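Residues in the sequence shown are numbered consecutively from 5, following the working numbering. Note that the Cβ used here is the ideal one computed from N, Cα and C, for glycine as well. Bear in mind that the values here come from a model prediction, so they are computed numbers and not experimental data.
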Amino acid sequence: YLAAAAERVERAGLGDRVTLVQERIADHRGGPYDGACLVASSLLLDDPIATLRQLEARLQPDAPIWLAQTLHTRPAPVLAAVKPRLHWVTSVRFGRLTTIDTLEQWVHASGRVIGECIETGRQEPFVWWVVRTHRASDP
């Protein structure tokens, strides 16, 4: 994913303005940044709220965080129990089942609010969202 993203950044002529990084936020020492984007990562994070707070500390005061995520439109208890364990069979980590409500709770618990939400696709019970968040104290 990172290589494809880097190629798109260069094709768009943004190589001097966009930095792509693949590392744990807790280990990253750069910043402050004008914004950040987490793509499909909240499913895999041990503590999404703590991660959003750590990311916040590396941003300019009014910087947005974008979250691009596949979400479930409704709870699915059996899938929620099975999904985190699928790597035992497939070697691929699918993370936890994340609903729209869960993502909203994480954002609010981290001290941010959802400022914009763009639905980029839907195939029940899934929806693909790009969410722009900002600090709760910002307009």
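| request: Inspect the beta-carbon positions of residue 120 and residue 136 and report whether they are closer than 7 Å. | output: Locating residue 120 in the sequence shown gives position 116, counting from the first residue. Locating residue 136 in the sequence shown gives position 132, counting from the first residue. Taking 7 Å as the Cβ cut-off, residue 120 and residue 136 qualify as a contacting pair.
| message | I'd like to know if the stretch 34-42 and the stretch 98-113 are in contact, where contact means that at least 3 CB-CB pairs between them fall below 8 Å. | response | no
| query | Exposed or buried, which one is residue 81 when buried takes at least 16 other CB atoms within 10 Å? | reply | Against the sequence shown, residue 81 aligns to sequence position 77. Exposed.
| request: List the endpoints of the continuous alpha helix (DSSP H) containing residue 53. | output: As a first step, residue 53 must be located in the sequence shown, where it is residue number 49. Unbroken alpha helix (DSSP H) run through residue 53: 52-60.
| task | Check whether the Cβ atoms of residue 59 and residue 29 lie closer than 7 Å to each other. | result | To locate residue 59, count along the sequence shown from 1; it is residue 55. To locate residue 29, count along the sequence shown from 1; it is residue 25. The answer is yes: Cβ separation under 7 Å.
| Can you pull the DSSP bridge partners for residue 63? | For this step, residue 63 is matched to residue 59 along the sequence shown. Beta-bridge pairing links residue 63 to 37.
| field | Same chain, Cβ closer than 8 Å to residue 24, five either side skipped, listed in chain order | value | Numbered from 1 along the sequence shown, position 20 holds the residue referred to as residue 24. Taking C-beta separations shorter than 8 Å and ignoring five residues to either side along the sequence, the partners of residue 24 in its chain run 6, 9, 10, 13, following chain order.
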